[in-house]
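One structure is given here, and the rest of the page talks about it.
Number of protein chains: 6
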Amino acid sequence: MALIDFELDKLRSYAPELPEESDFDSFWTDTLTDARTFDLAAEFTKIDNKLKVIDTYDVTFNGFGGTPVKAWLHVPAGTAGPLPTVVQYHGYSGGRGFPHATTLFAQAGYAHVVMDTRGQGWSAGGHSSTVDASADAGINHIPGFMTSGLQDPKAYYYRRVYVDAVRLLDAVVDHPLVDRTKIIVTGGSQGGGITLAVAGLAPSAGLDLVGAAPDVPFLCNFPRALEISDRNPYAEITAYLASWRDQVDVAYRTLSYFDGVNLGKRAQAPALFSVALMDPICPPSTVFSAYNHYAGSEKSINVYSHNEHEGGGPYQLDAQLDWFAERFAG
Amino acid sequence: MALIDFELDKLRSYAPELPEESDFDSFWTDTLTDARTFDLAAEFTKIDNKLKVIDTYDVTFNGFGGTPVKAWLHVPAGTAGPLPTVVQYHGYSGGRGFPHATTLFAQAGYAHVVMDTRGQGWSAGGHSSTVDASADAGINHIPGFMTSGLQDPKAYYYRRVYVDAVRLLDAVVDHPLVDRTKIIVTGGSQGGGITLAVAGLAPSAGLDLVGAAPDVPFLCNFPRALEISDRNPYAEITAYLASWRDQVDVAYRTLSYFDGVNLGKRAQAPALFSVALMDPICPPSTVFSAYNHYAGSEKSINVYSHNEHEGGGPYQLDAQLDWFAERFAG
Amino acid sequence: MALIDFELDKLRSYAPELPEESDFDSFWTDTLTDARTFDLAAEFTKIDNKLKVIDTYDVTFNGFGGTPVKAWLHVPAGTAGPLPTVVQYHGYSGGRGFPHATTLFAQAGYAHVVMDTRGQGWSAGGHSSTVDASADAGINHIPGFMTSGLQDPKAYYYRRVYVDAVRLLDAVVDHPLVDRTKIIVTGGSQGGGITLAVAGLAPSAGLDLVGAAPDVPFLCNFPRALEISDRNPYAEITAYLASWRDQVDVAYRTLSYFDGVNLGKRAQAPALFSVALMDPICPPSTVFSAYNHYAGSEKSINVYSHNEHEGGGPYQLDAQLDWFAERFAG
Amino acid sequence: MALIDFELDKLRSYAPELPEESDFDSFWTDTLTDARTFDLAAEFTKIDNKLKVIDTYDVTFNGFGGTPVKAWLHVPAGTAGPLPTVVQYHGYSGGRGFPHATTLFAQAGYAHVVMDTRGQGWSAGGHSSTVDASADAGINHIPGFMTSGLQDPKAYYYRRVYVDAVRLLDAVVDHPLVDRTKIIVTGGSQGGGITLAVAGLAPSAGLDLVGAAPDVPFLCNFPRALEISDRNPYAEITAYLASWRDQVDVAYRTLSYFDGVNLGKRAQAPALFSVALMDPICPPSTVFSAYNHYAGSEKSINVYSHNEHEGGGPYQLDAQLDWFAERFAG
Amino acid sequence: MALIDFELDKLRSYAPELPEESDFDSFWTDTLTDARTFDLAAEFTKIDNKLKVIDTYDVTFNGFGGTPVKAWLHVPAGTAGPLPTVVQYHGYSGGRGFPHATTLFAQAGYAHVVMDTRGQGWSAGGHSSTVDASADAGINHIPGFMTSGLQDPKAYYYRRVYVDAVRLLDAVVDHPLVDRTKIIVTGGSQGGGITLAVAGLAPSAGLDLVGAAPDVPFLCNFPRALEISDRNPYAEITAYLASWRDQVDVAYRTLSYFDGVNLGKRAQAPALFSVALMDPICPPSTVFSAYNHYAGSEKSINVYSHNEHEGGGPYQLDAQLDWFAERFAG
Amino acid sequence: MALIDFELDKLRSYAPELPEESDFDSFWTDTLTDARTFDLAAEFTKIDNKLKVIDTYDVTFNGFGGTPVKAWLHVPAGTAGPLPTVVQYHGYSGGRGFPHATTLFAQAGYAHVVMDTRGQGWSAGGHSSTVDASADAGINHIPGFMTSGLQDPKAYYYRRVYVDAVRLLDAVVDHPLVDRTKIIVTGGSQGGGITLAVAGLAPSAGLDLVGAAPDVPFLCNFPRALEISDRNPYAEITAYLASWRDQVDVAYRTLSYFDGVNLGKRAQAPALFSVALMDPICPPSTVFSAYNHYAGSEKSINVYSHNEHEGGGPYQLDAQLDWFAERFAG
């Protein structure tokens, strides 16, 4: 792979203003208010995860529209809480999968919560089974989730996902194993986009975060993304607009409500980003658009100069282990 | 492209028996009975199609689950019916599109009905707007429609589509421009698969067809198709089973209800098939599986020896014009 | 696909001056004068097109060098002319094909003339059979028509094609079904390039056009095209120059006589262009080079922002139906 | 992906006899005898792995030719041994990587040993640093390790790797955290090939194994592999033979000493294999060649019907957790 | 690359009978008789080839239809003839190129004649300039030479090429540097096909050859070739037949006159073939079809087991140097 | 291919300053001093090359670390020296191959020396057998030679290769067939990079060159190369840095000692470069970086505007024949 975007110098200061509808904040306030009218009905059931040193709870709670959403809660075996807690969202196609699939932050001594993404999970298999139970799921779209409900912000797929992500926090903060004053949200790619959304919505939602760690985040600066990336998932939207040529303005208006750039402007939590300069899927200019606008109190970004979308991989996990420890100690 | 399947000699006699559940017929009888409890509420509204020699009606009727489904009805301008009628279903990704997009059989002097495919239409754009309004649309699946609801025949996407296709016939047979004794169903690829389904369901549904013309039909002999084709849309199912490895039997059981091989065994209408020997998307052994089992009174198949999925293209349309004229004259 | 060319703002004003030989005009005047020494010998034979609402005439006339060239003339069945007339040229690889293949503008009530492209037709099959009967056809070239005779403007393939296109107008203007005061030329890709050529040659050829509608036109700004497009057909020329490295200047000199930019500077007819911003085959800077230099009395361009070479597809046809009606009404 | 190899029925009984040199056993006996003349000099240094529930030891021992080879030893934090032990070898390109990268079997309560592969590690990064310190490393070869030293079994790269793998067992069986009577070897792809080699060499090396779990193993039935796979790493050998065309017999002779089919014939440990029917990298006929010849006391194979080289992924890990528990309990 | 055709055992005896028209021999006799009515007018002009040890003559002679065809004649500098002579034909896209491009057999001490291929030369550049000056060159075809004139054996491109190849022999046998009793014809790929044609036509043309050395020959067993190869140049014919679907029988009939299988049945010269078992362009079954039917007095074939279309490359040249020396000494 | 780099105007003046360590010169002086402590032990053995007009000597000499390195020495048969001499280095993957493979400059009347590249030769086969006999060869690296020893300039692969290249000159200047006052070094791609290295090291090594002819040279301006080229061999380094993310600075430091830009700054010989503007493997900005900094007394560059990495091919050879003659005559 070669550089496919601006050089690093330009990226450092690249912070285009994106369109934002005047009802942006009320759209999200109303959305969360509505979502919270549904009883969370959170359940935590300890299961046999086949592991000796980790305890795992099967979590179910009512997400957007009251849909049951699944998650895992992993903790060091036999721990009494409350523990500092890492909430993780998955990349596009992923799901919570098997209980032994993703336990790193529990191994590090924290409560580790892993959300299932509604309708997705096809690259994880296993225990992923959160249905996107919404009448809007069947609206005409290109194969893939990026264009599901694109005609209307209220019908857009990520409205349901972002709400699930916030409601998961609502669900876990009250659990005795979780220390509600020490919560970090994180995720890579789509999970990074959701992380930005949660960080941006947290202040108005009354949720305190001690950190947000979006890794090569997706869902940022859509107009630029569609210009420069010819790879899925962004290209699903391009394909949609290549067909329904009269829907370009409608689509970009919808996307503006979900753009990590606009959401991150409302964030307050310290953040550790990562970006890869040869990433054709989440090109660096889209990530820096979000990073440069991110409004959290402290922020830093790890730049991986020769990587594609795998980004920092284990190097970034290693950096996160350090940063999380520092944030939780803080 | 080279040959990617059996040689023609072997194809001529290739007719594997596929598994069929014992409730196959009752499944479909019940499905249609349920579907017919919804009032058709068919509406035909003449629109300005910008054409002088063709009149076009915008059709809406209640399909599966009472969902409004769109179609076009094209006829020679100023004709008084009833006319021999060609009902056409579209290939995967297609939709009814613009009113001036597909009018060939109306140009030939017939009533030409074009069904919109629910949820699809992304390669046609324009006037395609039939929503797959079903709670099942949001069940976990791989991007694409092939795996939507694959867990259960009752939830499977094509149950809704096949019912729409039958209900469209219910809707048009009563229209004064349509001669209900002279109806041919046709379509290419997915449209060919739907054609086979309608031909197979027609006897028990009380519908008479004077012909069925499936062109390089899709949705036939799924087990063979997944073994030999690595191309979408069949490969969407492969990708699903590559992830949810424990769902293989469940998936093939579901697919057996929708297989053009099993449905075609119940058909009675004369048929004109086509097949392309170098077709990597609907490989010839899957098409011949359906053809060799097809139970209609007369049948023939046009073999295109050096073509891929484009099949006979205008040559097959030319052959259909002749065959339709002959069938309607008969 | 992503943007592969300039951003729209820059395109709007991109109008580079291309080299033009001093004998450009005399080259074309002489070419047409020579061509018109051959008797047109136009014949129009009504055939059975298998359609009820369209009448089709098989057209033969003597094109460049007296070669017999084929075309279709479609009109609404039973019409007495003269009718406003649309003359259509095909994209690279296309030909007039089957008589029922392309009848849209006849459906709209016009005379619709479809020219066969000499030597081509391989994607249309059917009734395409216009031979490029010229001694120059066998000059050394890369496979494909783009480099046939590139050594000399007099031997270049498109000299023969452009002359055919003009002579077709000569042939049809005298037909009783054609209203010679109401002629629009159109075509997509190569057909768009031929459209520009005809529009540019029409004034000196004594032909009046009420409109020209080049759709994602090819054959424009060759130097820029070869720099930015790595796709056939432009890349055929690149491949030629990659081999015969000493022929670069010779080739660009030849191409300058056939460039839609230079030809369009001589046009007078109003024009409706289209362009797709992600088109890797006819990149937008090449199209805007032609559009910005186009000298017709009125002009507009439909910009498809997320499309590749399919451009506006049915949306552009829809726009053409409106624009043609307006032009013919004017 | 489609099936690219025999159907499952044929695979079940596919067990071709491969050539085996008469000195096969003495080659390996001599090799191990020589290797054991080097002092193991095994060192185990506890490091900070940033994890709370896992303790990790940085392992160094002298492998083939006395080269220092690295490994990790992970155990549940604070455990007193001896523990049942899983020794894992990595796939081609992998290495031991970061200490927190691969700890699953330690999470399950076992000692988990992870060997670094000499010269490799480029997909893992991090702490991989085992040099292939051999004069033979610089012999002419195709880029990649498959052809390094292919001219002579004594110089072949995998001779060094297989010896490292055996010497690692020599190193760990004496460690107090390891129960030398309860050792399972495992690995995927290249790691599966090494697993077969260790299982085959163990009896003559005086090592007892309670199980071997080769996952989609590589390095099996080279002649068939090169006929059917056009993908690296097997294709590295094809590329070598495409160049040095006179070395075909020499190369196959060398490979016969390292073939998992021949080595597995000497194994005694019970085994759990896995195979994927659409695997283009380790095609199923090569895996079944090894499986059907495997001489261990009990054996079973998990067949993933719609997968490529990812095989069972987390499903197979899940099956291994069960099978390991059972074997260790036995 | 993997095996893409039969295994070697089957290839050894693969000799399908191909259709042959009853006028095959008279077609070629008449063709050559006609061709010989044109005065050869062979000219040999010594040029400055920039080489000290090789003398080069620029050759021009009248080929098919009296078209001037170019060639090089290379000999060791200062030699007095007559010399044993190697006549070489080029692969598809090649041409005689620069005078210093291909001199190997002159370096070996022979007269080395290199024919330019009419219309081709685009991969050689330089001094390639033999025009395919035929009215038939402009007949409708797919880009490329394979389908030029495919409608009729008399119009087919290779009729002109094969005649050129024979006439080149007519031209050189009378040159004082050439020993007419010691001539070998050779070439790779297309050049191998032409070699087979010349070897097959030589007896009836009254030409004696002491050897023919077709290297991975093209133009053999067209029906099989189109079934198994999806690569150009064979695939040019597939593309043609995919378009003009009604021309399949016509095309195969034409090709039967030019098939190396049928022509080789008439050969008498000893032959050295080569074949590559992983060749996707000239698949081994097509080469063995020709080899097994080849009627020359002695024949052998070098099999390259792991090669694609590059075949034996320098290894085969090395073998040819030995075989030519032996044949010439004989 | 399209332009993938700057336009020619910008390239003409593109001369970025690259980092250079302060010990650059001493590193090389020390390296050569060390290398020269090994006895050259050059042997020249005349062999049967199967050619009449060329004599070939099999050359062996002790290169870096005393490793035996192979070469060919070709001269016109029977010549008495001393002759002007061309020393040629091969492209990546190449080797000296068969003795009859590369003799052009001997045909032109010169002594023609062809060096084998240690460890490589896999695209040449035949007589290539120079082993990279170094303990450093087995250091962890990505498959391929570009990253072998990248951790340390002293261990880097090209240190050994560049020394071999200089020592070859040491070996041949004393041979009676070689005129030590008339030596030109040349090579394409990697061979061009080695040419630049030898030209740059020659002054301090006490070697006089009358010319250097790097053809589309590789190994120039590594930082730019990795930004713009996604093709091997440069991309081998990118892949290495994508894995070992913490080694970026170390790697670029190492590479700076081997960069043709820095080495060329020390050259004195006149030079003839070539460059191809569409070259994705050795992009033109990397070549112009070297050209614009090249310090030789005279220099010129042949620009091939429409070529990829094949560059000028035979055209450049033709130009070299002229330029060599001129230089040798000078």
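Chains as they are written, first to last, in our numbering: chain L, 300 to 629; chain E, 300 to 629; chain F, 300 to 629; chain S, 300 to 629; chain H, 300 to 629; chain C, 300 to 629.
All C-beta atoms, glycine included, are put in the ideal place defined by N, C-alpha and C.
Nothing here was measured: the structure is a model prediction, and the numbers come from that model.
If A496 (chain F) sits next to G559 (chain F), beta carbons under 8 Å apart, how far is it from one beta carbon to the other, in whole angstroms? 7 Å
Taking the alpha helix (DSSP H) that F326 (chain L) falls in, what are its first and last residues? F323 to A334
Is D469 (chain L) near A454 (chain L), with beta carbons less than 8 Å apart? no
Assess contact between the segment 327-345 of chain F and the segment 457-466 of chain F, defined as three or more Cβ pairs (one per stretch) separated by less than 8 Å. Is contact present? yes
Name, please, each residue of chain H whose Cβ falls closer than 7 Å to the Cβ of G492 (chain E). Here the premise fails: no neighbours, minimum Cβ distance about 23 Å.
Using the beta-carbon count (16 or more within 10 Å), is G610 (chain S) buried or exposed? buried
Any residues in the segment 389-403 of chain E with a beta carbon nearer than 7 Å to a beta carbon of chain F? Which ones, in chain order? G396, F397, H399, A400, T402 and L403
Check each residue of the segment 346-363 of chain H: if its Cβ is closer than 7 Å to any Cβ of chain F, include it; give the result in chain order. none
Positions along the segment 547-559 of chain E whose CB lies within less than 8 Å of some CB in chain B: Among the chains of the structure shown, chain B does not appear; the protein chains present are L, E, F, S, H and C.
Any Cβ of chain L within less than 8 Å of the Cβ of S584 (chain C)? no
Say whether chain H places a C-beta atom closer than 8 Å to the C-beta of L616 (chain E). no
For Q387 (chain C), which three-state DSSP category applies? strand
Does the CB of A382 (chain H) have a neighbour CB from chain C at under 8 Å? Note that residue 382 (chain H) is Leu in the sequence shown, not Ala. Not one chain C Cβ lies under 8 Å of L382 (chain H).
Starting from L476 (chain E), find everything on chain F with Cβ-Cβ shorter than 7 Å and list it in chain order. Going along chain F, no residue has its Cβ under 7 Å from L476 (chain E), so there is no contact; the nearest lies around 15 Å.
Check whether the Cβ atoms of A379 (chain C) and K351 (chain C) sit closer than 8 Å, and answer yes or no. no
P318 (chain C) at chain H interface by Cβ criterion, 8 Å: no
Let me see if you follow: with CB-CB separation under 8 Å, is Q406 (chain E) close to chain F or not? yes
Taking 7 Å as the cut-off, is the beta-carbon of G393 (chain C) closer than that to any non-hydrogen atom of the ligand HEM? Because no ligand of any kind appears in the structure shown, any question about the ligand HEM cannot be addressed here.
Please return the same chain residues whose Cβ sits closer than 6 Å to the Cβ of T553 (chain L), not counting the five positions on each side in sequence. L449, P452 and Y455
Under 7 Å from the C-beta of A301 (chain F): neighbouring residues of chain L: E526, I527, S528 and D529
Could you tell me which uninterrupted beta strand (DSSP E) segments, each at least 3 residues in length, are contained entirely in the segment 330-385 of chain S, listed from first to last along the chain? 342-346, 353-361 and 367-375
Can you give me the Cβ contacts of E535 (chain C) inside the same chain, cut-off strictly under 7 Å, excluding the 5 residues immediately before and after it? I441, G443, M445 and T446
Does the Cβ-Cβ distance between A405 (chain H) and I346 (chain H) come in under 8 Å? no
Please name the residue in S:I482, S:W622, S:V602 and S:A594 whose C-alpha comes closest to that of P267 (chain S). The shown model of chain S, from 300 to 629, leaves out residue 267 (chain S), and the question about it has no answer.
Proximal residues to D308 (chain S) (C-beta, below 8 Å), its chain only, five neighbours per side dropped: none
I'd like to know if the segment 407-427 of chain E and the segment 611-627 of chain F are in contact, where contact means that at least 3 CB-CB pairs between them fall below 8 Å. yes
Would a check of beta-carbon distances place G487 (chain S) closer than 8 Å to chain E? no
Quick check on DSSP: helix, strand or coil for S599 (chain E)? strand
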